[in-house]
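Heads up: the structure comes next, in structure tokens.
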Amino acid sequence: MSRRRRRYRSSYDREPFDLKDFLSELGRWVVAILIVVILAYSIVTFGVQSVTMIGQSMSPAISDREVLLLDKRAYTVKKPKRYDIVAFKLKEESDSYFNIKRIIGLPGEKIQIKNGRLFVNGDALTDVPFDSLIMTEGLAYSPITLDEGEYFVLGDNCNNSEDSRYVNIGNISEKEISGKVFYRISPRSEWGKIE
Numbered sequence: 016m017s018r019r020r021r022r023y024r025s026s027y028d029r030e031p032f033d034l035k036d037f038l039s040e041l042g043r044w045v046v047a048i049l050i051v052v053i054l055a056y057s058i059v060t061f062g063v064q065s066v067t068m069i070g071q072s073m074s075p076a077i078s079d080r081e082v083l084l085l086d087k088r089a090y091t092v093k094k095p096k097r098y099d100i101v102a103f104k105l106k107e108e109s110d111s112y113f114n115i116k117r118i119i120g121l122p123g124e125k126i127q128i129k130n131g132r133l134f135v136n137g138d139a140l141t142d143v144p145f146d147s148l149i150m151t152e153g154l155a156y157s158p159i160t161l162d163e164g165e166y167f168v169l170g171d172n173c174n175n176s177e178d179s180r181y182v183n184i185g186n187i188s189e190k191e192i193s194g195k196v197f198y199r200i201s202p203r204s205e206w207g208k209i210e
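So this is what it looks like as structure tokens:
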């Protein structure tokens with residue numbers, strides 16, 4: 016039987032350490048990591064952020080614990096529109112989770128709920144994105160006139176939603192709106208655009 020002799024490389028067979036090449040490669044890695052960190056920070060701060068729906072107030076459009084994408088730049092040029100789904104934090108609750116609701120009333124409009132239906136400036140809304148009759152009018156029992164920069168929001172699950180009908184939410188200001196909810200990313204089976 017013949018034995019194969021293993022060839023071991025000695026330390027003399029290695030290429031000599033080149034400090035200049037090492038520092039150059041290290042510099043490239045540091046720059047690449049810095050760029051990724053800056054881009055990630057910019058996206059989160061100025062662009063897109065993930066938010067989690069808490070509760071059933073937006074069901075069936077959005078369910079409890081679904082993870083959504085929020086476009087934080089959506090309203091930098093244009094104003095929120097009726098039926099946009101927005102995320103907002105009330106000024107006194109700046110450290111809490113996002114509230115997610117649908118815009119119903121726009122600045123300058125008069126909002127009222129009567130006989131289970133929504134009225135804007137005295138006309139019944141016929142194209143609302145939910146079917147339920149609204150059982151609780153709350154503050155909207157009497158007409159509410161929205162000031163400049165104020166919005167009236169409702170949950171799609173209008174009979175199980177804490178929204179602008181209640182004192183602790185009330186009308187929300189444009190400054191409180193963090194952005195427009197536009198895409199569902201979790202659960203994976205439900206991925207897609209949100210209308």
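In the numbering used here, each number is its position in the sequence shown, counted from 1, plus 15. C-beta: ideal position from N, C-alpha, C; glycine also. Because the structure is a prediction, the values reported are computed rather than measured.
Taking all protein chains shown into account, do 16 or more other C-beta atoms lie within 10 angstroms of the C-beta of Ile149, making it buried, or fewer, making it exposed?
buried
When you compare only the Cα positions, how much space is there between Ala139 and Val51?
Approximately 50 Å between the Cα atoms of the pair.
Is DSSP giving Ala155 helix, strand or coil here?
Of the three classes helix, strand and coil, the one that applies to Ala155 here is helix, per DSSP.
Helix or strand or just coil, what does DSSP make of Leu161?
coil
Hey, Val66 and Lys87 are a contact pair by Cβ (cut 8 Å); roughly how many whole angstroms apart?
For Val66 against Lys87, the beta-carbon gap comes to about 10 Å, at or over 8 Å, which does not count as contact.
For the ligand ZN, I want to know if Gly123 counts as a neighbour, meaning its beta carbon is within less than 7 Å of at least one of the ligand's heavy atoms.
Summarising the ligand content, the structure contains no ligands, and the ligand ZN is consequently not present.
Does the distance from the C-beta atom of Glu152 to that of Lys116 stay below 8 Å?
no
Does any C-beta atom of chain C lie closer than 8 Å to the C-beta of Lys104?
Chain labels in this structure do not include chain C; a single protein chain is all it has.
Less than 6 Å between C-beta atoms, sequence neighbours within five positions excluded: which residues of the same chain meet that for Lys125?
Asn136, Pro158, Thr160
Between which two residues does the beta strand (DSSP E) carrying Asp86 extend?
Membership of Asp86 in the beta strand (DSSP E) is indicated by the continuous run 82-86.
Specify, as a first and last residue, the run of the beta strand (DSSP E) that Asn114 falls within.
114-120
Taking its Cβ as the centre, do 16 or more other Cβ atoms sit within 10 Å of Glu40, making it buried, or is it exposed?
exposed
Does the contact criterion of 3 or more C-beta pairs under 8 Å hold for the stretch 164-181 versus the stretch 194-204?
The stretch 164-181, when compared against the stretch 194-204, does not touch it at the 8 Å Cβ threshold.
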